[in-house]
Amino acid sequence: MSLLRKITPKLLSTVRLASTQTLIDGKMTIGPVNTSLHPENDEIAVVKLSAPPINALSKNMLRSLESTVKSLEQEEDVKGFILTSEKPGIFSAGLDIFSMYGKNREELTEFWTSVQDLWKALYGTPLVTVASINGTSPAGGCLLATCCDHRVMVNHPKFNIGLNETKLGLVAPLFFVRAYQNCIGPRLTERHLNLGTLFDVETAQKIGLVDDVVKSAEDCFDKSFERAEEYCEIIDKARSNTKLLLRSETLEWFEGYREKDLELFLTCVQDPMVQNSLNMYVKMLQAKSKK
Amino acid sequence: MSLLRKITPKLLSTVRLASTQTLIDGKMTIGPVNTSLHPENDEIAVVKLSAPPINALSKNMLRSLESTVKSLEQEEDVKGFILTSEKPGIFSAGLDIFSMYGKNREELTEFWTSVQDLWKALYGTPLVTVASINGTSPAGGCLLATCCDHRVMVNHPKFNIGLNETKLGLVAPLFFVRAYQNCIGPRLTERHLNLGTLFDVETAQKIGLVDDVVKSAEDCFDKSFERAEEYCEIIDKARSNTKLLLRSETLEWFEGYREKDLELFLTCVQDPMVQNSLNMYVKMLQAKSKK
Amino acid sequence: MSLLRKITPKLLSTVRLASTQTLIDGKMTIGPVNTSLHPENDEIAVVKLSAPPINALSKNMLRSLESTVKSLEQEEDVKGFILTSEKPGIFSAGLDIFSMYGKNREELTEFWTSVQDLWKALYGTPLVTVASINGTSPAGGCLLATCCDHRVMVNHPKFNIGLNETKLGLVAPLFFVRAYQNCIGPRLTERHLNLGTLFDVETAQKIGLVDDVVKSAEDCFDKSFERAEEYCEIIDKARSNTKLLLRSETLEWFEGYREKDLELFLTCVQDPMVQNSLNMYVKMLQAKSKK
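Chains as they are written, first to last, in numbering that gives the first Met the number 0: chain X, 0 to 290; chain P, 0 to 290; chain F, 0 to 290.
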């Protein structure tokens, strides 16, 4: 309630518009997020991030994904969804650097609010959620994965996963940390958040960050579907109420914390040293893309 | 304090009556709970659930077990107890389905209050508690075990343990979850509470749900005694204050939460779909018993 | 703030005096704590406990270590420190028994306040902290280690580590428990705090209480330096803000809890049975030292 009052009318209208979307012929496209029903089981949707080349989490991507989740919640027959990347190789490279570099306070606030809202929608959805991690998944990509009920990842020497924010001079916010910590425990969380560690896929499985490891993108999709069906077979009301009960304390904590979290983000990201670090990173990306 | 006012006079008198019971010739029987001192060490009591065929946790069983715990706390020489089943094969099948099916709000409230009070008594007792799990132990049976200080279980292909509430359309309450989570961690808790998983004994040990696994009911009793003695050898005041200090936060949280927990239970169990699911289960049990 | 008012002027002056100390020629001595810069990297200090024979944590040692931490935080070039013992064989035997035996309430209060303040300084420092555990490390020694960011320990059959307070009739306070639990999880914490278990070095590593195990005191120092450098290579502001964000909830909780914690300590330690148990221990130590 108090939250609603804080969301600007502009944001509200975006959400409203998107939330009224429905699956037409089992398909739905909201911004760079393409959704369809699984060919073998129409209780399960397949949500594909489609913002090449790296599925960066821009405000547009975050709001679109949030709206997709909310729209699927309105579909009577849909019990869950598989979250994956349209283009195997990169699940998501995380938060969009360009949304954090050289922006003013208002723009940064809008961006961060969309990060918070996406987290709330994905972590707090009663739907079954399976991350089908068919590519590398640092920082915000790892956040998306850890918000889901289950994680399946392709084993590939170039893929890794983890909250590596400190490597960019950033501080992973506490709501990123909660889901991470649930998977790998407080000790590994502290050590590897300090160090900004990215884990290879086998290590990720060993420490509990990933549940299933498979050999190919195809296997990943199959295993994710198998897992989604396993969760969807449980009496839906009991399963979804159990999920929400377990997550309720973190979701309630977040309501009281999100304003402070926004202030911490604004202070951190506007620090000249962080802007400098982002600047170098942006230049590196631009140089790469010119090649 | 505010709690006491809510307990009906009838319940209070039951508790009072039972709490004044003492061990006579080292034995005590409160309802379906038979207690005796261990033949080799009279600091350690042996508490046997004796409600064939499945040691269902009815209001009578729950209140009797609660009173047994409170009575043992009054025995000067008793430092701890082993909790086990009179009849190897079933430790406890969990909450009594018949107490939840077709009952009115008042009856359900009385039943659930007895569940809450038993939890509080068993989780919060300063005595050493060792669960000697000599049979299968789903749902409420698993709760009894996880409230204890230590768990020893017989390895048998037909025995399993876990919080499988969702399989019956029910939601395991948060106070069940706390002790479970302490054993197996938040990630496995979330996954397997959603799925309503029952673990075989070896897996239960591997994930920390059970501490010791033994081959037979006899070994189980011996190992449980060995463990109880290990805990009882520690300076009693230091051990019991340490135990209660570690559990104090959960016990304090529960005081502020139990009313909400009761409301959640009443809403869940009175749902027509849940009643329907319990109905089918009851019929299945009755058909079995006629064979 | 409210804390400051409670600290006696005498204590305040000690702290003030010490906090103004700086490294002269890369060296600093505060009471029994000798500090120097690492010969290969002057961003990393080496802090040696030097109170033979057992590095007991007396009020003097605790205040000196606290002041050392605070002084190092003021050194512009220092990013972290290695905490170790001047004399391999004993890291620290823990809280000074003589400070708890036969003392009056005021003395006990001063002592315990110095324990709390040291914890707060060590657990809450933004500096990188690596415990180089070159000797046995029970009780308060284990506390020092678990407050650090990383633990390296020498594998030796006579060395062990753990919170064994119950063996002396004492109750490990909750702020000792928090860091312990972060390393080994709630289940092992409860079991082994009740039992007062001391772990051998290999077991300590297996359960997460120690991160790296090495063969000799020399290897311990080298590995600790390697780890300290690993942490110090991360952008300092991001790393230290991440560390403090993760520890903020525990540090904030402590502010509201420390008065109650002091009361619990005073009640526990003034118990005649505990004084008796400490008395026996003191006599045993004195008999040993006469040999």
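Heads up, the beta-carbon is just placed ideally off N, CA and C, and yes, glycines get one too.
Start-end ranges of the beta strand (DSSP E) lying completely within the segment 13-61 of chain X, minimum 3 residues: 26-29, 32-37 and 40-48
DSSP three-state assignment for valine 114/X, whether helix, strand or coil: helix
DSSP-derived helix/strand/coil call for asparagine 159/P: strand
As assigned by DSSP and simplified to three states, the class of aspartate 260/P: helix
Close-in-space but distant-in-sequence residues of the same chain around proline 51/P (CB under 7 Å, 5 per side omitted): Lys86
Endpoints, beta strand (DSSP E) assigned at valine 153/F: 149-153
Sequence ranges, beta strand (DSSP E) only - wholly within the segment 92-139 of chain F, length at least 3: 127-132 and 134-137
Check whether cysteine 147/P and threonine 128/P have beta carbons under 8 Å apart: yes
Distance, isoleucine 29/F Cα to leucine 250/P Cα: 43 Å
CA-to-CA distance, asparagine 103/P to lysine 282/P, given in whole angstroms: 20 Å
Residues of the segment 167-199 of chain P with Cβ closer than 9 Å to any Cβ of chain F, in chain order: Gln180, Asn181, Cys182, Ile183 and Gly184
Limits of the beta strand (DSSP E) - the one that valine 213/P falls within: 211-213
Assigned exposure category for proline 271/X - 16 Cβ within 10 Å defines buried: exposed
Inter-residue Cα distance where the pair is alanine 178/X and glycine 161/X: 12 Å
Identity of the residues DSSP links to aspartate 199/P by a beta bridge: Asn159/P
Partners in chain F for threonine 145/X, counting only beta-carbon separations shorter than 7 Å: Those do not exist, as threonine 145/X stays about 16 Å from chain F at its closest Cβ, beyond 7 Å.
First through last residue of the beta strand (DSSP E) which encompasses threonine 188/F: Per DSSP, threonine 188/F belongs to no beta strand (DSSP E); it is in the alpha helix (DSSP H), 173-194.
Residue from Cys267/P, Asn275/P, Phe198/P and Ser49/P whose Cα sits closest to the Cα of serine 136/P: Phe198/P
Members of the segment 200-230 of chain F that neighbour chain X once the beta carbon cut-off is set at 8 Å: Gly207, Asp210, Glu229 and Tyr230
Interface partners of threonine 165/P on chain X, CB under 8 Å: Ile233, Ile234, Ala237, Arg238 and Thr241
Under the three-state DSSP convention, the category leucine 167/F falls into: helix
Bounding residues of the alpha helix (DSSP H) (the contiguous stretch that carries phenylalanine 224/X): 216-231
Buried versus exposed call for asparagine 278/P [16 or more other C-beta atoms within 10 Å across all chains shown]: exposed
For phenylalanine 253/P, the three-state DSSP class (helix, strand or coil): helix
Whole-angstrom distance between methionine 99/F and leucine 64/F, CA atom to CA atom: 19 Å
Contacting residues, own chain, Cβ-Cβ under 6 Å from valine 45/X (five flanking each side not counted): Ser35, His37 and Ile81
Cβ contact (3+ pairs, closer than 8 Å) linking the segment 250-265 of chain P and the segment 152-168 of chain P: no
Contact with chain X by leucine 244/F, beta-carbon distance below 8 Å: yes
Distance between serine 84/X and valine 14/X (C-alpha atoms, nearest Å): Here the model assigns valine 14/X a pLDDT of 47, short of 50, so the residue's position is not dependable, and the following value carries that caveat. Distance between the alpha carbons of valine 14/X and serine 84/X is about 22 Å.
Beta strand (DSSP E) segment containing glycine 79/F, residue limits: 79-84
Buried versus exposed, by CB contacts within 10 Å (16 or more), alanine 227/F: buried
Arginine 4/X, DSSP secondary structure in three states: The pLDDT assigned to arginine 4/X is 34, lower than 50, so where the model puts this residue is not dependable; a value taken from the coordinates is nonetheless given after this. It is helical.
Interface partners of aspartate 148/P on chain F, CB under 7 Å: Asn193
Between the CA atoms of valine 151/P and isoleucine 233/X - distance to the nearest angstrom: 30 Å
Glutamate 74/X burial status per 10 Å Cβ neighbour count (16 or more: buried): buried
Interface positions of the segment 247-275 of chain X facing chain F (Cβ-Cβ less than 9 Å), listed along the chain: Leu263, Cys267, Asp270, Met272 and Val273
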